[in-house]
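Note sheet for the following structure.
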Amino acid sequence: MQNTASLTELFILLVQQFIDHKAEQLAFYMRSYWQNELPYQELECFLWDTFEEWSQLNNQSMQPYSHKERVFWHVLHQTHFWEEPIIKHDIYVKTQLSTCVMYLEGNGLCPIDVIGMRP
Numbered sequence: 013m014q015n016t017a018s019l020t021e022l023f024i025l026l027v028q029q030f031i032d033h034k035a036e037q038l039a040f041y042m043r044s045y046w047q048n049e050l051p052y053q054e055l056e057c058f059l060w061d062t063f064e065e066w067s068q069l070n071n072q073s074m075q076p077y078s079h080k081e082r083v084f085w086h087v088l089h090q091t092h093f094w095e096e097p098i099i100k101h102d103i104y105v106k107t108q109l110s111t112c113v114m115y116l117e118g119n120g121l122c123p124i125d126v127i128g129m130r131p
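Okay, so the sequence shown: first residue is 13 according to our numbering, each after it adds one.
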């Protein structure tokens, strides 16, 4: 029983570290894109790389989500879903994503109206 608990705790830590690291990168990529310092293709490549790296973790669906993880997945999915001009110029989409990015950076409140799900 103790081995199972230890493995679960280790996996929770691994997921948390992944989300913390990738959330910081995602915030950087989003801000750089909005400031015209990064082409959309680089942002899109980051999204696909992140999905691929996540798929390398085992048993992701068994662990509970943190608020940060839900916001992270929301931003990732929304950025992947919307077309380039919408992400950059649609005031509603950009404001929602910007609010989420601020939270991921530790500079804002957790948005309550987002539901990010693991791929």
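Cβ atoms here follow ideal geometry from the backbone N, Cα and C, with glycine treated the same way.
Fill in: Inter-residue spacing [alpha-carbon to alpha-carbon] between C57 and C122
Cα to Cα, the separation comes out at about 27 Å.
Discussion item. Under 8 Å, with one C-beta from each stretch per pair, do the stretch 96-106 and the stretch 40-54 reach the 3-pair mark?
Written reply: Yes, the stretch 96-106 touches the stretch 40-54.
Worksheet item: Buried or exposed: where does I124 fall if 16 or more other Cβ atoms within 10 Å of its Cβ makes it buried?
Response: With fewer than 16 Cβ atoms within 10 Å of its Cβ, I124 is classed as exposed.
Discussion item. Distance check for Q75 and A39, CA to CA, integer angstroms please.
Written reply: The straight-line gap from Cα to Cα measures roughly 24 Å.
Item to complete: Compare the beta carbon distance of H86 and V27 with 9 Å and say whether it is the shorter of the two.
Response: Going by C-beta atoms, H86 is not nearer than 9 Å to V27.
Worksheet item: According to the neighbour-count rule (16 or more other Cβ atoms, all chains shown, within 10 Å of its Cβ), is V113 buried or exposed?
Response: Counting Cβ neighbours within 10 Å, V113 comes out buried, since at least 16 surround it.
Worksheet item: Buried or exposed: E49, going by 16 or more other Cβ atoms within 10 Å of its Cβ?
Response: Exposed: under 16 other Cβ atoms inside 10 Å.
Worksheet item: According to DSSP, is Q90 helix, strand or coil?
Response: If DSSP states are grouped into helix, strand and coil, Q90 belongs with the helices.
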